[in-house]
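To keep things clear, I will list the structure first and then write my remarks on it.
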Amino acid sequence: GEDVEQSLFLSVREGDSSVINCTYTDSSSTYLYWYKQEPGAGLQLLTYIFSNMDMKQDQRLTVLLNKKDKHLSLRIADTQTGDSAIYFCAGSAGSNDYKLSFGAGTTVTVRA
Amino acid sequence: GAVVSQHPSRVICKSGTSVKIECRSLDFQATTMFWYRQFPKQSLMLMATSNEGSKATYEQGVEKDKFLINHASLTLSTLTVTSAHPEDSSFYICSAREMGQPGTEAFFGQGTRLTVV
Chain A
1 GEDVEQSLFL SVREGDSSVI NCTYTDSSST YLYWYKQEPG AGLQLLTYIF
51 SNMDMKQDQR LTVLLNKKDK HLSLRIADTQ TGDSAIYFCA GSAGSNDYKL
101 SFGAGTTVTV RA
Chain B
1 GAVVSQHPSR VICKSGTSVK IECRSLDFQA TTMFWYRQFP KQSLMLMATS
51 NEGSKATYEQ GVEKDKFLIN HASLTLSTLT VTSAHPEDSS FYICSAREMG
101 QPGTEAFFGQ GTRLTVV
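Taken in sequence, the protein lines are chains A and B.
Residue 21 in this note's numbering sits at position 21 of the first sequence; the count goes up by one each step and never skips.
Residue 115 in this note's numbering sits at position 115 of the second sequence; the count goes up by one each step and never skips.
This is how it looks when you write it as structure tokens:
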């Protein structure tokens, strides 16, 4: 299985960039994901990256993947108050293994 | 994106009763759905993988007789918490992947907050 670790808390000022980091153990992880969870709600997929990519950008979101170090990061540019939430990174192993292993989640607090 | 609907969103039940939670894929077919449990301020713990037309696969430590899963159609999976106790109180979330779409996103339901009193 996959062990996924991430820092628990991040406080950022509105308008600044947020960077959330994640490390994983299973080098065979094929896809790596970032999910957002607002209070009392389910998970919303923000973005995902295939393991043969180094970077993926989608509007304010930039995902960086360092396979050698098994490190994944999510950068949110121009962080807004609506970005306050818990962010989970997750990995899945292989195209036929739909199981996702989640990190503990990073609580991002955006302050004015 | 695809929609997964979970019902109910909140339920309070008495200790010893059973509660059924439904997970529906509204605009796609899902041969596989997943049931997670989330404790306050913690990550999601995979409980079981629900396979359409066959038995669910439970993760280690999850009692299959306690958490009954039925995946009778390509758009519906149910989780029944039997003889619920206060320690079963938690947030339960399901997810589903579209058929024939390996490795792409899993869509999540909005979750069910179960409180056993």
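Think of the CB as a built atom: it goes at the ideal place given N, C-alpha and C, for glycine as much as any other residue.
- By the 16-neighbour rule on beta-carbons within 10 angstroms, residue 79(B) is buried.
- By the neighbour-count criterion, in which a residue is buried when 16 or more other Cβ atoms sit within 10 angstroms of its Cβ, residue 47(B) is buried.
- Within the same chain, Cβ atoms closer than 6 Å to the Cβ of residue 52(B) are found at 31, 71 and 74, the five residues on either side in sequence being excluded.
- Using a 10 angstroms sphere on the CB of residue 41(B), the tally of other CB atoms stays under 16, which defines it as exposed.
- The C-alpha of residue 62(B) is placed about 15 Å away from the C-alpha of residue 91(B).
- Three or more beta-carbon pairs separated by less than 8 Å are not found between the stretch 73-89 of chain A and the stretch 13-24 of chain B, which leaves the two stretches without contact.
- Nearest CB-CB separation between residue 99(A) and chain B: below the 8 Å threshold.
- With respect to chain B, the C-beta atom of residue 88(A) has a partner C-beta closer than 8 Å.
- Look at residue 106(B): its C-beta is under 8 Å from a C-beta on chain A.
- For residue 80(B), the closest Cβ of chain A is not nearer than 8 Å.
- Shown here, residue 109(A) sits in a strand according to DSSP, grouped into three states.
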